[in-house]
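Trainee:
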Amino acid sequence: MDPRPACCVGKCAKCFLRVILRAEIMWLGVGCGHLLRLSNWEPRERSLRLCALWTSGCIGRTFCESRGFSPTMVDVLSVRTDDLWAELTADTLEPREYEQWLVVPSCGAVVSFLGVARDHSEGRPGVSSLEFEAYESQVIPKLVQLAEQMRRTWPEIARIALIHRTGILVPTEPVVFVGVSHPHRRDAFAATEFGIDSLKASVPIWKQESWEGGRSWGLEAQHLEGVDTA
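Residue numbers for the sequence shown, in this note's numbering: 7 to 236.
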């Protein structure tokens, strides 16, 4: 089998893994030389496992833990400029800090959305925890793309904050923060609503829910859309 082109090379605690694209057949190659034909997996399973690729060096927790591996993950990925704060972090979110940063003299409106972990979802009562995973190399580029789309739609936006947690969270813990500063409140509300809707639909972050009946990926974890179609 021709191993080219390899689209990503990662590292687990016990071996190296790489994903190889060859025509429309997808394979998983591990350092010991074994190959796993991903086209034999169900589409949902394949999507979740492949999209959980981590640049910090592993194939996603779902795949690794089933084989006794210990995946690793960076604590913070961030882009901070004068008008954009985009971040993926394993640390507790600080909404007041983000809101203070959004305040600028030229804007009369600061609107923000704070998403928190809840104790249930559709058909899943008693959710005790949520575990968030991300395709790390793509999160910040997607957040930057989202911010650019927001500015094209609302050119007067001054500052944008797009920040998401990773790791294990319990109900009431902050998960995601989206905020904007704008001269006018109506546009600020509209931009913030667009921001959170598009982030959930287009940025490669997934959650695994643990509830009274078991543990599984969130119901919306299967599909991603482009920022412009979200």
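Cβ coordinates follow ideal geometry from the N, Cα and C atoms, glycine included.
#1: Considering T95, what are the terminal residues of the alpha helix (DSSP H) in which it resides?
#2: Is DSSP giving L99 helix, strand or coil here?
#3: Give the secondary structure of I163 by DSSP, where H, G and I count as helix, E and B as strand, and everything else as coil.
#4: E201: buried (16+ other C-beta within 10 angstroms of its C-beta) or exposed?
#5: Which whole-angstrom value is the C-beta distance of S187 and A153, which I expect to be below 8 angstroms?
#6: Helix or strand or just coil, what does DSSP make of L27?
#7: Smallest Cα separation from R124: which of V176, S204, G185?
#8: Just to confirm my understanding: we take E162, look at its own chain, exclude 5 residues before and 5 after, and list those with CB closer than 8 angstroms. What are they?
#9: Could you tell me the alpha carbon to alpha carbon distance between W160 and H126, rounded to whole angstroms?
#10: To the nearest angstrom, how far is the alpha carbon of T114 from that of A92?
#11: Considering only the alpha carbon of each residue, which of R157, A197, T172 lies closest to L99?
#12: For the candidate residues G220, I169, S204, whose alpha-carbon lies nearest to that of V122?
#13: In angstroms with no decimal places, state the Cα-to-Cα distance between W217 and L108.
#14: Rounded C-beta distance between A196 and F183? I'm assuming under 8 angstroms.
#15: Let me know if E199 comes out buried or exposed under the rule of 16 or more other beta-carbons within 10 Å of its beta-carbon.
#16: Cα separation between E179 and P147?
#17: Should S134 be labelled buried (16 or more other beta-carbon atoms within 10 Å of its own) or exposed?
Mentor: On the basis of the supplied data:
#1: Secondary structure note for T95: it is in no alpha helix (DSSP H), and the uninterrupted beta strand (DSSP E) holding it is 90–95.
#2: Coil.
#3: DSSP places I163 outside both helix and strand once states are collapsed to three, so it counts as coil.
#4: Contrary to the premise, residue 201 reads as Gly rather than Glu in this sequence. Buried, because 16 or more other Cβ atoms sit within 10 Å of the Cβ of G201.
#5: Taking 8 angstroms as the upper bound for CB-CB distance, S187 and A153 are not in contact here, some 13 angstroms apart.
#6: Its pLDDT being 32, under 50, L27 is placed unreliably by the model, and the measurement read from it follows with that caveat. Reduced to three states, the DSSP call for L27 is strand.
#7: Checking every option, the nearest Cα to that of R124 belongs to V176.
#8: H188, P189, H190, D193.
#9: Answer to the nearest angstrom: the Cα atoms are 35 angstroms apart.
#10: Per the sequence shown, residue 114 should be read as Gly rather than Thr. When the Cα atoms are used, G114 and A92 turn out to be separated by approximately 22 angstroms.
#11: When each option's Cα is compared against that of L99, the closest is T172.
#12: When only C-alpha atoms are compared, the closest one is I169.
#13: CA-to-CA, the gap between W217 and L108 works out to about 36 angstroms.
#14: Wrong, their Cβ atoms sit about 18 angstroms apart, outside the cutoff.
#15: Its Cβ having fewer than 16 others within 10 Å, E199 is exposed.
#16: Rounded to the nearest angstrom, the gap between the Cα atoms of E179 and P147 is 25 angstroms.
#17: That one is exposed.
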